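Written out below as structure tokens is the structure these notes cover.
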Amino acid sequence: MSIEIVLNACRKVDDWQEQYGTARTANNLAAVYICTGDLEAALAACQEAESKLVDMLQEGNPHPEPLTFAGLAMVKYNAAVLFWAAGDFENNWTFADDNRLGAHEALMEVGEDADEDVEFIRSALVAFPALR
């Protein structure tokens with residue numbers, strides 16, 4: 141897959157923009173894996189994306205915080221879909237709901253300066269079923 145090539149290239153650079161690019165690419169790859177049913181690979185991609193974004197926030201990166209929180213909301217949304225798709229066993233729906241709530245919390249940090257990506261995540265979260 142070409143998206144995997146992009147992800148491997150992004151992983152090799154330490155610059156903040158490249159870290160953000162790695163996170164967004166890993167998140168996009170997670171969505172692809174969810175669609176193909178490779179939930180284990182999707183989880184690994186979500187975890188990589190979340191890790192990059194949380195590191196950026198904790199280390200005071202120069203990338204705009206609202207954009208980083210929006211990226212985190214997207215990752216949390218994908219993780220919610222992933223656990224929801226895995227079905228109601230071994231606490232998957234609890235994890236799905238936790239990630240759905242985490243996406244809401246991340247969007248609260250974005251504020252009102254939302255772009256189309258953020259509005260898409262907001263509307264997707266409204267449509268996502270509450271599982272608890």
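Once you know that position 31 of the sequence shown is 171 in the working numbering, the rest is easy, because the numbers rise by one and skip nothing. By construction, the Cβ of each residue, glycine as well, lies at the ideal position given by its N, Cα and C atoms. These numbers come from a predicted model, not from an experiment.
- Setting aside the 5 residues that flank it on each side, I174 is surrounded in the same chain by A182, N218, V221, L222, A225, each with a C-beta closer than 7 Å to its C-beta; the list follows chain order.
- Contact check for V172 against L193 fails: the beta carbons are separated by 8 Å or more.
- If one requires a minimum length of 4 residues, the alpha helix (DSSP H) runs lying completely within the segment 164 to 240 are 179 to 198, 205 to 226, in chain order.
- Your pair A210 and D257 checks out as a contact, with CB atoms roughly 6 Å apart and the cut at 8 Å.
- According to the DSSP assignment, F260 belongs to the alpha helix (DSSP H) that extends over 256 to 267.
- Around the beta carbon of A267, fewer than 16 other beta carbons lie within 10 angstroms, which makes this residue exposed.
- Residue state for G251 is assigned as coil, using DSSP reduced to three classes.
- Remark: C-beta atoms of L247 and I261 approach each other more closely than 8 Å.
- Here N231 is exposed. Its C-beta has fewer than 16 other C-beta atoms within 10 Å.
- By the criterion of a C-beta distance shorter than 7 Å, A236 is surrounded in its chain by A220, F223, W224, L271, once the five residues flanking it on both sides are discounted.
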